[in-house]
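Undergrad: For reference, the structure I am asking about is given below.
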Amino acid sequence: MGLLLSRIQDALQSFYGMQARILLLGLDAAGKTTLLYRLKLNETVVTIPTVGFNVETVQPINNVTFTMWDIGGQDRIRALWSHYHANADGLVFMVDSVDSSRFAEARYELEALLDSSLLQGVPLVLLANKQDLPGAWPPMQVAEEMGLRKLQGFRWHVQGCCAVSGEGIPEAMLKLSEMVRKHHNARGK
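For the sequence shown, the working numbering assigns the number -10 to the initial residue and increments by one for each residue that follows.
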């Protein structure tokens, strides 16, 4: 019976496309909400600091639907991140690649996320945002500062981007969808 249900699910997934729940996290002012609405509306919107969360269903590429949870990055809200870990299929962690004074803080928060038993093995895309601004650190250097090279047990990808213009976002979403699909297959979803 389980095999039959699995085959039905596979058939529906290939017909309707992949659906996944994605957490969009990072420190405040990293650009998470700008990214979310760039994906949803394909335009730049004026945002205010997120108090709580925003959730939107987006279709970043054909046959892929992400329900993206953009959770506020202010210090007092980060304590609530753990309430959103359950059933996450992917994690996008956004870093302001210009503000190197906050890299250690961002790394601390990312490491805390990756220590969560509910996020073990969940694919990670690190977005080095604000690449359009002077002084932006190259994506691989941001990844190094976040300690990703030492990361074990996770599929990860780093992508430079500009959430305002959308540059780098399609590549990041394509890579995320590939990693989430592999994660689903490994878990038998």
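Just so it is clear, CB atoms sit at the ideal spot from N, CA and C, and this is done for glycine as well.
Quick caveat: nothing in here was measured; it's all calculated off a predicted structure.
1. Taking the CB atoms as reference points, tell me whether A125 and G20 lie closer together than 7 Å.
2. What span of residues does the alpha helix (DSSP H) with E134 cover, start to end?
3. With DSSP as the reference, label I66 as helix, strand or coil.
4. Rounded to whole angstroms, what is the Cα-Cα separation between S71 and R27?
5. Do you know whose CA, among G62, A75, L165, L107, lies nearest R91's CA?
6. Starting from R170, trace the alpha helix (DSSP H) in both directions and tell me its first and last residue.
7. Ignore the nearest five residues each way along the sequence and tell me which others in R10's own chain have a CB closer than 6 Å to its CB.
8. Alpha carbon to alpha carbon, how far is V169 from V111?
9. If you reduce the DSSP assignment to three classes, tell me which class A9 lands in.
10. Would you identify the three-state DSSP class for F42, choosing helix, strand or coil?
11. Rounding to the nearest angstrom, what Cα-Cα distance links A187 and E32 in this structure?
12. For G149, I'd like the list of residues in its chain whose CB is within less than 6 Å of its CB, leaving aside the five on either flank, ordered along the chain.
13. Can you list, in chain order, the residues of its chain whose CB lies under 6 Å from that of K164, leaving out five sequence neighbours each side?
TA: This is what the structure holds:
1. no
2. 128 to 134
3. helix
4. 25 Å
5. G62
6. 158 to 176
7. T56, N76, A77, D78
8. 8 Å
9. strand
10. strand
11. Missing from the structure shown is residue 187; the chain here goes from -10 to 178 and no further.
12. A117, Q120, P128, G157
13. H146
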